[in-house]
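>
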Amino acid sequence: MHEEENIQVQDPGPLRPNRPLDTLLAALAAVGVVVFIAGLGVDSTRVWYNYLLEYYFFLALGLAGLVLTAVHYVTGATWSVTVRRVAEGLSAYLPWALALGLPLFFAVPKLYTWALPATVHMFHEKHIYLNRAFYMGREAFGFAIWLGLGAAIVRNSLRQDRGEGSLALYSRNRKLAPAFLILFGLTFTFVSVDLLMSLDENWYSTMFPVYCFAGLFLSGLALTTVLTVCLHRAGYLAQAVRPHHLYDLGTWIMAFSCFMVYIGFSQYMLIWYTNMPVEIAYLLKRSTGGWGWVFLLLPLLKWLLPFVVLMPSKLRGNETVLLFVGLGVLAGQWLDVYWMVAPVFSETLRLPGWIEIGLFLGFAGVFGLALRRFYRRHSLVAFNDPRIEECMKGRYLHV
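Residue numbering for the sequence shown follows this note's numbering, beginning at 298 and increasing consecutively.
The structure is reproduced here in structure tokens:
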């Protein structure tokens, strides 16, 4: 172990303009629009459930930025000060997510059997909860919390860059963050149940929202790590991000991959053990017709890959290894959401085609544009944070 010297972090500034990259991202977004419109005329159901898939996947990544930022303040962490701004940037997608969520209101009858008037419900009392008005009300409440309380934490962090009372703003965020995390737990549970679990109207699992949160947190860590490595290699974070910061990011990914597989196994084991028809149908549908192969890939990408590869401490600070593992985890998270959504509409495994690829590229383009807009307007490091000097004094292993 070696104690790192005290380094005064200078403002690295915002992201520099990159017109070719912005043009590419805009083109990807346009591809998504074209595929969406063209797909509606070919297979509207397939278009809508893939729209739901991409919407939820990228929404979770945007929310992960708020959660990671709030956790930083709640725990009083110092190691993450210089990478916090990278995570904060993920939340810039949420206003776009609000707009992109509006079309789903019109697709509710296409996606959810509980919205059809002729549906025979196994549990009639579910009508009280599962109806379109209450459904939209819960989503609106979620965005009010995320874009109100959650975004206020990010705004306070950005105000520190202008030297507006760093200690006062830090203390304010320390008070806001616990309240946000409590309300986030409630609203994210609503969203996960509404968007995903209610696709199988008669199935339920009290572990399901926790499983969805585990995927959100792990994929958010993975994307933050990937972006940090890319910005570090581009020279933006060369001074602010040191080996011990990368090491800590790798440690978090490895640790939460264990949490992810623990929650997933707990849900699976309880359903398998009780063997109740209402519950077991969910897993039977997702383990037959070729879907079992996707099921096997999930623990490989979301647990075995990060856990085994990052177990040696010398690899946890290696940029190439972290980039590889982070991308693998993100691929696993996308497959996980695909595995939760697609079997409802296709009994046999449906490999991604032009609709799946086109909509993914479209959402990725919008997400990328939102991130670049945030990073171009704000410094990539919270250089006026009162704990940044302590952050730079961390210990790290020579690799």
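In this text, a Cβ means the ideal position worked out from N, Cα and C, and glycines have one as well.
Using only alpha-carbon positions, find the residue among Phe660, Thr522, Leu677 that is nearest to glycine 329.
Distance from the Cα of glycine 329 is smallest, within the candidate group Phe660, Thr522, Leu677, for Phe660.
> Within this structure, are the beta carbons of glycine 623 and leucine 598 separated by less than 7 Å?
The answer is no: Cβ separation not under 7 Å.
> Going by C-alpha distance, which of Arg452, Ser454, Leu395, Arg469 is nearest phenylalanine 440?
Leu395
> Closest to proline 309 by CA distance: which of Pro609, Val538, Ala465 is it?
Measuring C-alpha to C-alpha distances from proline 309 to each of Pro609, Val538, Ala465 identifies Val538 as the nearest.
> Report yes if the C-beta distance between leucine 524 and valine 383 is below 7 Å; otherwise report no.
yes
> Under a three-way DSSP split, which group does methionine 608 fall into?
Look at methionine 608 here: in three-state DSSP terms it is coil, with no helix or strand label.
> So what's glutamine 307 in DSSP terms, helix, strand or just coil?
coil
> If you run the structure through DSSP and keep just helix, strand and coil, what is leucine 567?
Residue state, collapsed to three classes: helix.
> Keeping to the same chain, check which residues put their C-beta closer than 7 Å to that of tryptophan 393; ignore five residues upstream and five downstream.
Val663, Ala667
> How close, in whole Å, do the beta carbons of leucine 656 and valine 332 come, if the pair is a contact with beta carbons under 8 Å?
The beta carbons of leucine 656 and valine 332 sit about 6 Å from each other, so the pair counts as a contact at 8 Å.
> Contact between the region 367-379 and the region 472-483 is defined here as three or more beta-carbon pairs at a separation below 8 Å; is this criterion met?
Touching, yes.
> If distances are taken between C-alpha atoms only, which option among Lys423, Leu358, Pro414 comes closest to leucine 391?
It is Leu358.
> Answer yes or no: do valine 507 and isoleucine 560 have a C-beta to C-beta separation smaller than 7 Å?
yes
> Are the region 560-580 and the region 609-620 in contact at 8 Å, needing three or more beta carbon pairs?
no
> Along the chain, which unbroken stretches of the alpha helix (DSSP H) at least 4 residues long are found entirely within the region 621-684?
651-674
> Check this for me: beta carbons of isoleucine 652 and asparagine 347, under 7 Å apart or not?
yes
> Jot down the residue ranges of each uninterrupted alpha helix (DSSP H) in the region 457-521, minimum 4 residues, whole runs only, in chain order.
463-492
> Within a Cβ cutoff of 7 Å, which residues of the same chain sit near serine 516, ignoring the five residues on either side of it in sequence?
Ala357, Leu358, Ala361, Val626, Leu627, Gln630
> Would you tell me roughly how many angstroms separate the C-alpha atoms of methionine 551 and proline 603, rounded to the nearest one?
5 Å
> Can you grab the Cα-Cα spacing for the pair leucine 513 / threonine 521, in whole Å?
Approximately 12 Å between the Cα atoms of the pair.
> How long is the line joining the alpha carbons of leucine 496 and glutamate 576, rounded to whole angstroms?
14 Å
> Near tryptophan 443, which residues of its chain fall below 6 Å by C-beta distance, leaving aside the five closest residues on each side in sequence?
Leu391
> What residues in its chain sit with their C-beta under 7 Å from that of alanine 519, if we drop five residues either side in the sequence?
Ile550, Gly623, Val626, Leu627
> Could you check what DSSP says for glycine 586 in three-state terms: helix, strand or coil?
coil
> Identify every run of the beta strand (DSSP E) within the region 369-404, keeping only runs that are complete inside it and at least 3 residues long; order them along the chain.
none
> Are proline 683 and serine 468 closer than 7 Å when you measure CB to CB?
In terms of Cβ geometry, proline 683 and serine 468 do not form a close pair [threshold 7 Å].
> With a threshold of 7 Å on Cβ separation, who are the neighbours of threonine 342 within its own chain once the five nearest residues in sequence on each side are excluded?
Lys407, Phe642
> State buried or exposed for alanine 335, treating a residue as buried only when at least 16 other CB atoms are found within 10 Å of its CB.
Around the beta carbon of alanine 335, fewer than 16 other beta carbons lie within 10 angstroms, which makes this residue exposed.
> My output table needs one value for lysine 423: the three-state DSSP class, helix, strand or coil.
helix
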